[in-house]
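**Student:** Please read through the structure below; I'll follow up with questions.
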Amino acid sequence: MTRQQLLQQIQDKKSYLCVGLDTDLTKIPKHLQSHPDAIFEFNKQIIDATQDLCVSYKINTAFYEAMGLKGWEAMQKTVDYIPAEQFTIADAKRGDIGNTSTQYARAFFEAMNFDAITVAPYMGEDSVRPFLEYENKWTIVLGLTSNKGSDDFQQLILNDSSTEKSKPMALYQRVIEKIAGWGTPGNLMFVTGATKASDFEGIRKIIPDNFLLVPGVGAQGGSLKDVSKYGLNKDCGLLVNASRAIIYASEKEDFAAKARLVAQEYQQEMSGYLMDNSIN
0 MTRQQLLQQI QDKKSYLCVG LDTDLTKIPK HLQSHPDAIF EFNKQIIDAT
50 QDLCVSYKIN TAFYEAMGLK GWEAMQKTVD YIPAEQFTIA DAKRGDIGNT
100 STQYARAFFE AMNFDAITVA PYMGEDSVRP FLEYENKWTI VLGLTSNKGS
150 DDFQQLILND SSTEKSKPMA LYQRVIEKIA GWGTPGNLMF VTGATKASDF
200 EGIRKIIPDN FLLVPGVGAQ GGSLKDVSKY GLNKDCGLLV NASRAIIYAS
250 EKEDFAAKAR LVAQEYQQEM SGYLMDNSIN
């Protein structure tokens with residue numbers, strides 16, 4: 000998917016909502032748990048109920064990989080069912096030596112036909128480059144995450160003594176600054192956790208044009224208002240993910256209808272922020 004296609008969808012739907020299909024067999028409604036294809040059936044109903052309100056679906060691959068072959072099959076069927084105009088993300092957090100990353104890229108971009116994949120950048124450029132070489136595919140690099148452990152490394156302050164004008168930077172800021180030069184705003188996004196919304200302003204100074212994938216809104220306590228205030232750019236530049244708050248809005252047979260209501264609330268709030276941001 001091209002950047003323009005993604006932007007057009009945001010404009011048409013007045014939404015930058017990404018629905019996370021982190022589907023756990025133990026958490027879906029009980030009436031579906033005995034279904035022979037329970038995971039896909041659950042996902043199918045969520046997609047049918049929300050596709051006009053969101054612009055993207057993010058599949059956390061761990062929930063599917065844990066089920067072995069059956070899980071992989073459910074994931075592939077889900078990707079195939081998602082409408083073509085939707086931006087599909089494999090939340091796989093891959094990243095390894097070059098030849099291994101090349102195989103990961105083939106798996107998710109070619110075999111499974113995702114539009115994007117999340118990547119861990121700790122091993123450096125040669126671990127990220129194979130993903131960036133695909134045309135009209137996106138690499139979403141971990142920047143600043145919302146988990147408690149992000150303080151262990153991401154927030155560490157670096158002092159660069161190579162020049163007198165250098166200012167101390169957090170490690171995550173240096174990572175984002177460095178990686179931004181490896182791709183373009185047309186193929187490179189960054190994960191930025193919603194619970195770190197106060198840091199968005201500084202991130203936007205480093206990467207004013209790139210999209211940010213923002214998890215942590217909803218069940219994890221992130222504020223859509225704050226994320227939008229500090230993260231929106233002239234083209235929107237945000238994909239805000241909500242998973243549990245939407246897909247587990249009800250434990251009963253009305254789960255899809257309740258999921259739609261929650262997604263609609265997000266979409267309506269986003270529409271207001273887009274209007275304030277002069278994106279039509």
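If you're matching positions, the sequence shown starts at 0 in numbering that gives the first Met the number 0 and goes up one per residue.
All C-beta atoms, glycine included, are put in the ideal place defined by N, C-alpha and C.
Nothing here was measured: the structure is a model prediction, and the numbers come from that model.
With DSSP as the reference, identify every bridge partner of K57, one or two as the case may be.
**Tutor:** The sequence position of residue 57 within the sequence shown is 58, counting from 1. BP columns for K57 point to G19, I88.
**Student:** Out of Q32, L223, I116, point me to the one whose CA is closest to S14's CA.
**Tutor:** What you label residue 14 is simply residue 15 of the sequence shown in a count that begins at 1. Nearest option by C-alpha distance: L223.
**Student:** So A179 packs on N209, CB below 8 Å; how close in whole Å?
**Tutor:** To locate residue 179, count along the sequence shown from 1; it is residue 180. To locate residue 209, count along the sequence shown from 1; it is residue 210. 7 Å between Cβ atoms; contact.
**Student:** Which term fits G19, buried or exposed, when burial requires 16 or more other beta carbons within 10 angstroms of its beta carbon?
**Tutor:** The residue labelled residue 19 in the question sits at position 20 within the sequence shown. Using a 10 angstroms sphere on the CB of G19, the tally of other CB atoms reaches 16 or more, which defines it as buried.
**Student:** Three-state secondary structure (DSSP) at T138?
**Tutor:** Here residue 138 refers to the residue found at position 139 of the sequence shown. T138: strand per DSSP, three-state reduction.
**Student:** Output needed for Y63: all residues of its chain with C-beta closer than 7 Å, excluding positions within five of it in sequence on either side, in chain order.
**Tutor:** Residue 63 sits at position 64 when you count from the first residue of the sequence shown. Exclusion of the five residues before and after Y63 leaves G70, W71, A73, M74 as the residues of its chain whose Cβ lies within less than 7 Å of its Cβ.
**Student:** Looking at the structure shown, is A37 part of a helix, part of a strand, or coil, going by DSSP?
**Tutor:** Taking the sequence shown and counting its residues from 1, one reaches residue 37 at position 38. Correct three-state label for A37: helix.
**Student:** Should G94 go down as buried or exposed, given a rule of 16 or more other Cβ atoms within 10 Å for buried?
**Tutor:** Here residue 94 refers to the residue found at position 95 of the sequence shown. With 16 or more Cβ atoms within 10 Å of its Cβ, G94 is classed as buried.
**Student:** Shortest alpha-carbon distance to D47 belongs to which of Q85, Y103, A104?
**Tutor:** Mapped onto the sequence shown, residue 47 falls at position 48. Here the closest residue by C-alpha is Q85.
**Student:** Could you work out which residue in H34, L68, Q4, I205 is closest to S55 when comparing CA atoms only?
**Tutor:** The residue given as residue 55 occupies position 56 in the sequence shown. Here the closest residue by C-alpha is Q4.
**Student:** Straight-line CA distance for Q263 to L52?
**Tutor:** Stepping through the sequence shown from its first residue, residue 263 is reached at position 264. Stepping through the sequence shown from its first residue, residue 52 is reached at position 53. Each residue's Cα considered, the two are about 6 Å apart.
**Student:** Within a Cβ cutoff of 7 Å, which residues of the same chain sit near E40, ignoring the five residues on either side of it in sequence?
**Tutor:** Counting from one through the sequence shown, the residue named residue 40 turns up at place 41. Counting only Cβ-Cβ distances below 7 Å, and skipping sequence neighbours, we find L31, H34.
**Student:** Is K147 near the ligand NAP, in the sense that its beta carbon is under 7 Å from a heavy atom of that ligand?
**Tutor:** Ligands in the displayed structure: none, and consequently the ligand NAP is not present.
**Student:** According to DSSP, which residues form a beta bridge with V190?
**Tutor:** Residue 190 sits at position 191 when you count from the first residue of the sequence shown. The partner list for V190 (beta bridge, DSSP) reads L141, L212.
**Student:** Can you tell me the Cα-Cα spacing of I139 and F108, whole angstroms?
**Tutor:** Counting from 1 along the sequence shown, the entry for residue 139 is found at position 140. Counting from 1 along the sequence shown, the entry for residue 108 is found at position 109. Between I139 and F108, the C-alpha separation is close to 13 Å.
**Student:** Could you tell me which whole beta strand (DSSP E) segments of length 3 or greater appear in the segment 227-274?
**Tutor:** 237-241
**Student:** So for I9, helix, strand or coil by DSSP?
**Tutor:** As a working note, residue 9 is residue 10 in the sequence shown. If DSSP states are grouped into helix, strand and coil, I9 belongs with the helices.
**Student:** Say whether the segment 151-159 touches the segment 177-191, bearing in mind that this needs 3 or more beta-carbon pairs closer than 8 Å, one atom from each stretch.
**Tutor:** no
**Student:** State yes or no: is the C-beta of A91 within less than 8 Å of the C-beta of T60?
**Tutor:** Here residue 91 is taken as the residue at index 92 of the sequence shown, counted from 1. Here residue 60 is taken as the residue at index 61 of the sequence shown, counted from 1. In this structure, A91 places its C-beta atom within 8 Å of the C-beta atom of T60.
**Student:** In this structure, what does DSSP give as the bridge partners for R93?
**Tutor:** Translated into positions along the sequence shown, residue 93 becomes position 94. DSSP lists V118 as partners of R93.
**Student:** Could you give the residue range of the alpha helix (DSSP H) that holds K177?
**Tutor:** The residue given as residue 177 occupies position 178 in the sequence shown. K177 -> alpha helix (DSSP H) spans 170-179.
**Student:** Within a Cβ cutoff of 6 Å, which residues of the same chain sit near D125, ignoring the five residues on either side of it in sequence?
**Tutor:** Along the sequence shown, one-based indexing puts residue 125 at 126. Here the set comprises G97.
**Student:** By Cβ distance, which residues of its chain are closer than 7 Å to I206, with the 5 residues on each side in sequence left out?
**Tutor:** One-based indexing of the sequence shown puts residue 206 at position 207. These residues qualify, in order along the chain: I175, A179, F189.
**Student:** Just how far apart, CA to CA, sit P280 and T1?
**Tutor:** Only positions 0 to 279 of the chain appear in this structure, which leaves residue 280 out of reach.
**Student:** For P167, is the classification buried or exposed, using 16 other Cβ atoms within 10 angstroms of its Cβ as the cut-off for buried?
**Tutor:** Mapped onto the sequence shown, residue 167 falls at position 168. Classification of P167: exposed, given that the 10 Å Cβ count is below 16.
**Student:** Going by C-alpha distance, which of A248, R243, V226 is nearest L273?
**Tutor:** To locate residue 273, count along the sequence shown from 1; it is residue 274. It is V226.
**Student:** Exposed or buried, what is A248 when buried is set at 16 or more other beta-carbons lying within 10 Å of its beta-carbon?
**Tutor:** The count along the sequence shown starts at 1 and reaches residue 248 at position 249. Classification for A248: buried.
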